[in-house]
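Residue numbers (full-length UniProt numbering): 1 to 157. The next block holds one structure in the form of structure tokens; read it before the comments.
What follows is the structure in structure tokens.
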């Protein structure tokens with residue numbers, strides 16, 4: 001896909017589940033505990049014609065590798081349509097995630113990244129902080145995180 005970078009917006013769970021299922025669960029159930037928690041935020045990247053080409057879930061959650069983080073958020077369930085990989089959809093989702101978490105006072109963004117996606121997250125500024133571990137039945141993962149500078153009300157305008 002070429003053309004403009006997809007736009008990112010906050011959406012309901014019903015918008016993210018189909019792509020999450022197709023990309024992350026081979027068409028199987030893709031709901032996760034906490035999806036419907038009021039603090040959980042779902043984002044979708046859309047093409048100009050409105051097609052959802054990427055999704056991610058963000059929620060406040062303690063980081064197992066940084067217990068001292070004051071306001072950590074977990075990035076989870078990120079998926080991009082294979083036909084748009086390299087188009088900027090994933091980058092747009094991570095950038096929107098950072099902005100949203102910082103605007104809500106978050107000081108850390110962390111994830112359990114599939115080993116196959118770790119290079120993408122590293123290019124986006126995340127650091128690998130664990131050895132490889134297995135998430136059954138999904139496969140090998142690594143723990144990754146990125147320190148954020150929370151925005152103050154004054155900076156938010």
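From the three backbone atoms N, C-alpha and C, an ideal C-beta is built for every residue, glycine too. All values derive from a computational prediction rather than experimental measurement.
Local Cβ density within 10 Å of residue i, reported as buried at 16 or more and exposed below that
{"i": "residue 135", "result": "exposed"}
{"i": "residue 30", "result": "buried"}
{"i": "residue 81", "result": "buried"}
{"i": "residue 9", "result": "exposed"}
{"i": "residue 142", "result": "buried"}
{"i": "residue 76", "result": "buried"}
{"i": "residue 103", "result": "exposed"}
{"i": "residue 116", "result": "exposed"}
{"i": "residue 113", "result": "buried"}
{"i": "residue 72", "result": "buried"}
{"i": "residue 92", "result": "buried"}
{"i": "residue 127", "result": "exposed"}
{"i": "residue 118", "result": "buried"}
Nearest-angstrom beta carbon gap, residue j and residue i [assumed within contact, 8 Å]
{"i": "residue 160", "j": "residue 41", "result": "No answer is possible for residue 160: it lies beyond the span of the chain, which begins at 1 and ends at 157."}
{"i": "residue 45", "j": "residue 11", "result": "So it is not a contact: roughly 10 Å between Cβ atoms."}
{"i": "residue 69", "j": "residue 107", "result": "6 Å"}
Close-in-space but distant-in-sequence residues of the same chain around residue i (CB under 6 Å, 5 per side omitted)
{"i": "residue 79", "result": "19, 20, 23, 24, 55"}
{"i": "residue 17", "result": "30"}
{"i": "residue 7", "result": "46"}
Opening and closing residue of the beta strand (DSSP E) in which residue i lies
{"i": "residue 134", "result": "133-135"}
{"i": "residue 59", "result": "52-60"}
{"i": "residue 118", "result": "That residue, residue 118, is in no beta strand (DSSP E); its alpha helix (DSSP H) goes 118-123."}
{"i": "residue 44", "result": "41-46"}
Limits of the alpha helix (DSSP H) - the one that residue i falls within
{"i": "residue 23", "result": "13-24"}
{"i": "residue 95", "result": "89-103"}
{"i": "residue 66", "result": "Where residue 66 is concerned, there is no enclosing alpha helix (DSSP H), given that its DSSP letter is neither H nor E."}
Same chain, Cβ closer than 7 Å to residue i, five either side skipped, listed in chain order
{"i": "residue 125", "result": "146"}
{"i": "residue 94", "result": "124"}
{"i": "residue 4", "result": "48"}
{"i": "residue 149", "result": "102"}
{"i": "residue 1", "result": "Because residue 1 sits at a pLDDT of 43, beneath the cut-off of 50, its placement in the model cannot be relied upon, and the point is left open."}
{"i": "residue 61", "result": "72, 73, 74"}
Any chance the stretch 80-92 sits against the stretch 28-36, with 3 or more Cβ pairs inside 8 Å? As far as the Cβ criterion goes, the stretch 80-92 does not touch the stretch 28-36, which means the pair count is below three.
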